[in-house]
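Order-wise, the sequence lines are chains W and F. If you count the first sequence from 1, you need to add 20 to reach the numbering used here. If you count the second sequence from 1, you need to add 110 to reach the numbering used here. Ideal Cβ placement from N, Cα and C applies to all residues, glycine included. Working notes, structure below.
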Amino acid sequence: MNETVYVIAFYILAAIVLFSAIGVVVLKNIVHSALLLALTFVGVAGIYVLLNADYLAAVQVMVYAGAIAILIAFGVMLTRRPNMKESNPFNSSAVVGFVVAAGLFGTMAWAILTTTFPLGLTAPTDEISVRGVAKLLLEDYTVSFEAAALLLTVAMAGAIIIAKGAKKA
Amino acid sequence: MLKDYLGIGIFLAVGLVMPLIILAVSALLQKISIRYAKTEGPAKYETYECGIETKGDTWVQFKTSYFLYALVFVVFDVEAIFLFPWAVTFQELGTPAFIKMFIFITILVVGFWHAWKEGALEWK
């Protein structure tokens, strides 16, 4: 019973991810593409939940579906196009794109098929849950944790300089 | 684990089904109204917005000032992600974790102060 629910949930989520990802590429209106990209991120978060990686799912929803999707939507809204209905056209390099995509797909398929995945039947450890992450961040890897704060500050300063222009010293 | 996410599952299902129902009801009402009233005219196909006549295109260009807000938002969104595991284990990890998080927030407040000083939060 339990197993069936997981399998059904996985296929529903996989379908959401795949179809919205196809929509991102195929749809003509780039705003619709951006919204479907957010849906793709949410679907991937659902798959993380199925893998018992709750914290990763929360990160995926907050950072990707929340912030990154909004950033992309903003980027689209800020640019002006004559006709929004044809803002995401297939460009002339479709053949090159197909070759690159096929190559990437082939490489990934080859890598997945040649890897033997050990079937771990034990329950996922504490490591990937929120508690495990908190222990690792705040006890074992404090320096990298504080470095992340520094990195965020630098990123914000950089964003402000790019947006407003650097002051003359 | 499964029970915890049942609520989210129901929420997702309702979120997917509800718009379809609303669209179906709208289509149904449209069919009924066509049968009874033969009112035609340009006003019928206008976009309804609180009774005010709509002007221009839907897809307008937004002010670039918004983008800076979005960037600052992304930074603090990532910060919130770091706050989350700390908040969950606050009781267990105690004072050392509190001090570490205090340092973390202090560094980010410096960034926030810089953004404020540079006028990134001012509307132009």
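Contacts that residue i makes with chain B (C-beta to C-beta distance below 9 Å)
{"i": "residue 48/W", "result": "This model lacks chain B altogether, as its protein chains are W and F."}
Residue i burial status per 10 Å Cβ neighbour count (16 or more: buried)
{"i": "residue 167/F", "result": "exposed"}
{"i": "residue 75/W", "result": "buried"}
{"i": "residue 40/W", "result": "buried"}
{"i": "residue 86/W", "result": "buried"}
{"i": "residue 113/W", "result": "exposed"}
{"i": "residue 128/W", "result": "exposed"}
{"i": "residue 36/W", "result": "buried"}
{"i": "residue 53/W", "result": "buried"}
{"i": "residue 125/W", "result": "exposed"}
{"i": "residue 192/F", "result": "buried"}
{"i": "residue 42/W", "result": "exposed"}
{"i": "residue 231/F", "result": "exposed"}
{"i": "residue 165/W", "result": "buried"}
{"i": "residue 73/W", "result": "buried"}
{"i": "residue 184/F", "result": "buried"}
Run of the alpha helix (DSSP H) containing residue i, from where it starts to where it stops
{"i": "residue 70/W", "result": "50 to 70"}
{"i": "residue 40/W", "result": "22 to 46"}
{"i": "residue 226/F", "result": "200 to 227"}
{"i": "residue 163/W", "result": "162 to 184"}
{"i": "residue 130/W", "result": "114 to 134"}
{"i": "residue 98/W", "result": "89 to 98"}
{"i": "residue 152/W", "result": "150 to 155"}
{"i": "residue 79/W", "result": "74 to 79"}
Rounded Cβ spacing between residue i and residue j (contact assumed at less than 8 Å)
{"i": "residue 188/F", "j": "residue 158/W", "result": "The Cβ separation is near 17 Å, so there is no contact."}
{"i": "residue 59/W", "j": "residue 29/W", "result": "That pair is no contact at about 16 Å."}
{"i": "residue 169/W", "j": "residue 214/F", "result": "4 Å"}
{"i": "residue 89/W", "j": "residue 57/W", "result": "6 Å"}
{"i": "residue 180/W", "j": "residue 153/F", "result": "The pair is not a contact, with the Cβ atoms about 48 Å apart (cut-off 8 Å)."}
Proximity test, residue i beta-carbon vs the ligand MG heavy atom, cut-off 7 Å
{"i": "residue 37/W", "result": "Among the ligands in the structure shown, none appear at all, so the ligand MG cannot be discussed."}
The region 164 to 183 of chain F / the region 65 to 72 of chain W touching (three or more Cβ pairs under 8 Å): no
Given 8 Å, three or more beta-carbon pairs between the region 118 to 127 of chain F and the region 193 to 207 of chain F: no
Cβ contact (3+ pairs, closer than 8 Å) linking the region 115 to 126 of chain W and the region 214 to 224 of chain F: no
contact_flag[the region 75 to 84 of chain W, the region 44 to 63 of chain W] where n(CB pairs < 8 Å) is 3 or more: yes
Given 8 Å, three or more beta-carbon pairs between the region 123 to 137 of chain F and the region 205 to 216 of chain F: no
Cβ contact check for the region 166 to 183 of chain F and the region 88 to 98 of chain W: 3 or more pairs under 8 Å: yes
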